[in-house]
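Engineer: With the first letter of the sequence shown counted as 1, position 178 gets the number 178 in the working numbering; the numbers rise by one all the way through. Virtual Cβ for every residue (Gly too), placed ideally from N, Cα, C. Owing to the predicted nature of the structure, the values given are computational and were not obtained by experimental measurement.
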Amino acid sequence: MEPNGIDIHRPGKIAAFFDLDKTLIHGATMLIAAPLLHERGLISYPTLIRAGIGAKVFEHLGATEARVEKAKKAALDVVAGWDRDEMFALLHDSLDELFREKIYKEAMQLVKQHIALDHLVAVVSSSPVEFVRPIAGMFGIEHVIATEVSIDDQGKCIRAFDQWVSGAAKPDAIRNFAQRNDIDLSSSFGYSDSRTDIGFLEAVGKPVAVNPDKKLAEHAQSKGWE
1 MEPNGIDIHR PGKIAAFFDL DKTLIHGATM LIAAPLLHER GLISYPTLIR AGIGAKVFEH
61 LGATEARVEK AKKAALDVVA GWDRDEMFAL LHDSLDELFR EKIYKEAMQL VKQHIALDHL
121 VAVVSSSPVE FVRPIAGMFG IEHVIATEVS IDDQGKCIRA FDQWVSGAAK PDAIRNFAQR
181 NDIDLSSSFG YSDSRTDIGF LEAVGKPVAV NPDKKLAEHA QSKGWE
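(1) How is the beta strand (DSSP E) around THR147 delimited, first residue to last?
(2) Quick one: residues in its chain with C-beta nearer than 8 angstroms to the C-beta of SER44, no 5 flanking neighbours on either side, listed in chain order?
(3) Express the C-alpha separation of LEU20 and VAL78 in angstroms, rounding to a whole number.
(4) Is the stretch 74-88 touching the stretch 104-119 in the sense that three or more CB pairs, one from each, lie closer than 8 angstroms?
(5) When you compare only the Cα positions, how much space is there between VAL144 and VAL132?
(6) May I ask you to verify whether the stretch 95-106 touches the stretch 17-34, counting CB pairs closer than 8 angstroms and requiring at least 3?
(7) If we require 4 or more residues per run, which alpha helix (DSSP H) segments fall completely within the stretch 72-123?
(8) Name, in chain order, the residues that DSSP records as bridge partners for ALA16.
(9) Spell out the partners DSSP gives ALA220 in its beta bridges.
(10) Would you mind stating whether ASP172 and ARG195 have Cβ atoms separated by less than 9 angstroms?
(11) Quick one: residues in its chain with C-beta nearer than 7 angstroms to the C-beta of LEU98, no 5 flanking neighbours on either side, listed in chain order?
(12) Going by the DSSP bridge assignment, what does HIS161 pair with across the sheet?
(13) DSSP on VAL129, reduced to helix/strand/coil?
(14) How would you call LEU185, buried or exposed, if buried means at least 16 neighbouring beta carbons within 10 angstroms?
(15) Just to confirm the assignment, what range does the beta strand (DSSP E) spanning PRO212 have?
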């Protein structure tokens, strides 16, 4: 994949938006981190299994209102009660052990190409920001658009969202980010592997299907996407 056809003189900044799981890294962030979280008493395997099954149903059957609500509930079941600062520290200390070998080398090269072209690069993920931001840092990516769970006065995650970034919510999150950062979406890039991100990819002018599932591959071919 090469970021080609770029007109760097167009009004507004050019951005490159990357999905995380199966796009930048091999596998699912939460499942990769699960053994460590279980070891630290932060998650039970039954809870993880329920969340994993829900994620697979969401991915393969698509997003209905009921499935979105179930996905949200599963996510809150996982993170409710976590201390946000402790989670950032835990993930930071375990990054190499958990994720270094999961990084796609081609993705790392592509991110570096966009950065070298002075593009604004952002990770867009449904995973909690506490997980996404440290992994983004491994790629040298400063900007993160990710799910944010509400925090109480003691810094603990509660059963509510400040921001939900998944499925149909991703395009809106990207458009809001673009407006705040003076980004020209028509000249910007989007990279993802999943059918659930078709709306996200259609929000940019240069969508790219990476390791695509069957439905995304078919859609990309019908649209002439890279």
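Structural biologist: With the structure as the only source:
(1) Along the sequence shown, read from residue 1 onward, the residue named residue 147 stands at position 147. It spans 143-151 - the beta strand (DSSP E) in which THR147 sits, taken as one unbroken run.
(2) For the purposes of this step, residue 44 is taken as the residue at position 44 of the sequence shown. Cβ within range, chain order: HIS38.
(3) For the purposes of this step, residue 78 is identified with residue 78 of the sequence shown, where counting begins at 1. For the purposes of this step, residue 20 is identified with residue 20 of the sequence shown, where counting begins at 1. Cα-Cα distance, rounded: 19 angstroms.
(4) no
(5) Within the sequence shown, residue 144 is the residue found at index 144, counting from 1. Within the sequence shown, residue 132 is the residue found at index 132, counting from 1. Taking the straight line from one Cα to the other gives about 7 angstroms.
(6) yes
(7) 84-99, 105-116
(8) Here the question's residue 16 lines up with position 16 in the sequence shown. The partner list for ALA16 (beta bridge, DSSP) reads VAL121, PHE189.
(9) In the sequence shown, counting from the first residue as 1, residue 220 sits at position 220. Paired residue(s): none; ALA220 is not in a bridge.
(10) The sequence position of residue 172 within the sequence shown is 172, counting from 1. The sequence position of residue 195 within the sequence shown is 195, counting from 1. No, these two residues do not count as a Cβ contact at 9 angstroms.
(11) Position 98 of the sequence shown, counting from 1, holds the residue named residue 98. Correct list, in chain order: ILE32, ALA33, LEU36.
(12) Residue numbering aside, residue 161 sits at position 161 when the sequence shown is read from its first letter. What sits at residue 161 in the sequence shown is Phe, not His. Partner(s): VAL149.
(13) As a first step, residue 129 is located in the sequence shown; it is residue number 129 there, counting from the start. DSSP places VAL129 in helix when its eight states are reduced to three.
(14) Taking the sequence shown and counting its residues from 1, the one referred to as residue 185 is at position 185. Answer is buried; the Cβ neighbour count reaches 16.
(15) As a first step, residue 212 must be located in the sequence shown, where it is residue number 212. No beta strand (DSSP E) holds PRO212; DSSP gives it neither H nor E.
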